[in-house]
Amino acid sequence: MTAQGEITETVPSGSPTSPVRMHADRAARTFSIDWADGHATVYDFTALRWLCPCAFCRGEAGLPGWLDSRPTLTDEQTRMTDIHLVGNYAVSPHWGDGHSTGFYTYTLLRDRCPCSDCTARRASGHDHSVGGPTGSGHQHE
0 MTAQGEITET
10 VPSGSPTSPV
20 RMHADRAART
30 FSIDWADGHA
40 TVYDFTALRW
50 LCPCAFCRGE
60 AGLPGWLDSR
70 PTLTDEQTRM
80 TDIHLVGNYA
90 VSPHWGDGHS
100 TGFYTYTLLR
110 DRCPCSDCTA
120 RRASGHDHSV
130 GGPTGSGHQH
140 E
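When we follow numbering that gives the first Met the number 0, the leftmost residue of the sequence shown carries the number 0, and every step to the right adds one.
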């Protein structure tokens, strides 16, 4: 972590859709990922917190999750205090309210990329991401 509250990790690449660099900028409240195939993803912290995949936030056993009952999130709930690598497959952000159980897999982060190209691809039904209809890998022109 730098004095400006920025965290940068370099990750060994395994596939074209593996992250090669991740950077959390707490001042800008953004988390950016550079992928091995040249694509770049930027999440703002609020969107990243809404994406939390943990059972507490998403629910389990047919019960709704905590995020289902929250129309908005506070600044503390969207303030990233730290982030850790989880093996070679995920990151785990730590949030200002103490929440830290969400493991955001690289597949999830790539599949849900908020850039205009990826958003348009998902909306058109032509999503070829790892978790998309064809499962053939993320295609960028």
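Backbone N, C-alpha and C fix where the C-beta goes; we use that ideal spot for every residue, glycine too.
Do you know offhand how far residue 24's Cα is from residue 83's? 14 Å
Taking DSSP's pairing of strands, which residues face residue 94 in a bridge? 79
Helix, strand or coil at residue 105 [DSSP, three-state]: helix
Roughly how many whole angstroms lie between the Cα atoms of residue 162 and residue 30? Because residue 162 is not part of the residues shown, which for the chain are 0 to 140, the question remains open.
How would you write the range of the beta strand (DSSP E) that residue 20 sits in, first residue to last? 18 to 24
Could you check the C-alpha separation between residue 87 and residue 73 for me, to the nearest Å? 31 Å
From the DSSP output, in three-state form, read off residue 123 for me. helix
Residues bridged to residue 63 [DSSP beta-bridge criterion]: 58
Using the DSSP secondary-structure output, state which residues sit across from residue 39 in a beta bridge. 33
Just to confirm my understanding: we take residue 105, look at its own chain, exclude 5 residues before and 5 after, and list those with CB closer than 7 Å. What are they? 17, 18, 88 and 89
Can you tell me where the alpha helix (DSSP H) holding residue 48 begins and where it ends? 44 to 49
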